[in-house]
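Peer 1:
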Ligand code: SF4
Ligand code: F3S
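Residue numbers (the working numbering): 1 to 108.
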């Protein structure tokens, strides 16, 4: 199993999660982070850090967000590692409460 970043992260990217990951398995895209399922050790530490509760255990990802399991696996292999938090995206507050943000996920 692994942990998975889901819809709530899109266009917010708070990055609080990366500071606690003991194995640096977060990878950064333009407006979303992805966890490499081959690197994640299921420590659970990142879950509580996300202000918008975007991170789930793979088995607990909500049904309508299952697509993010494959997206984390795929995008984490393409994007660079991020291991230190930074400022969230400028319009994060406008997007934090929104759902169905998949069409806004930028791959590059
Ligand atoms: Fe990193 Fe642990 Fe979160 Fe996996 S569960 S991404 S190892 S902090
Ligand atoms: Fe995204 Fe939450 Fe981390 S918004 S960058 S999963 S703290």
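Yeah, the Cβ is synthetic: ideal placement off N, Cα and C, and Gly gets one too.
Since the model is a prediction, treat every value here as computed from it, not as a measurement.
With residue 74 as the anchor, note down where its alpha helix (DSSP H) starts and where it stops.
Peer 2: Here residue 74 is taken as the residue at index 74 of the chain shown, counted from 1. Counting along the chain, the alpha helix (DSSP H) containing residue 74 begins and ends at 67-76.
Peer 1: So, is residue 100 buried or exposed, given that buried needs 16 or more other C-beta atoms within 10 angstroms?
Peer 2: Counting from one through the chain shown, the residue named residue 100 turns up at place 100. Under the 10 Å beta carbon count, residue 100 is surrounded by fewer than 16 other beta carbons and is classified as exposed.
Peer 1: Which residues in the same chain have their Cβ closer than 6 angstroms to the Cβ of residue 49, if we skip the five residues on either side of it in sequence?
Peer 2: As a working mapping, residue 49 is identified with position 49 in the chain shown. Correct list, in chain order: 16, 17 and 20.
Peer 1: Compute the beta-carbon to beta-carbon distance between residue 124 and residue 75, rounded to the nearest angstrom, for a pair I have assumed lies under 8 angstroms.
Peer 2: Residue 124 is absent from the structure shown; the chain starts at 1 and stops at 108.
Peer 1: Residue 30 and residue 107 - do their beta-carbons sit closer together than 9 angstroms?
Peer 2: In the chain shown, the residue the question calls residue 107 occupies position 107. In the chain shown, the residue the question calls residue 30 occupies position 30. Yes, these two residues count as a Cβ contact at 9 angstroms.
Peer 1: Could you tell me whether the Cβ atoms of residue 58 and residue 8 are closer together than 9 angstroms?
Peer 2: Locating residue 58 in the chain shown gives position 58, where the first residue counts as 1. Locating residue 8 in the chain shown gives position 8, where the first residue counts as 1. 9 angstroms or more divides the Cβ of residue 58 from the Cβ of residue 8.
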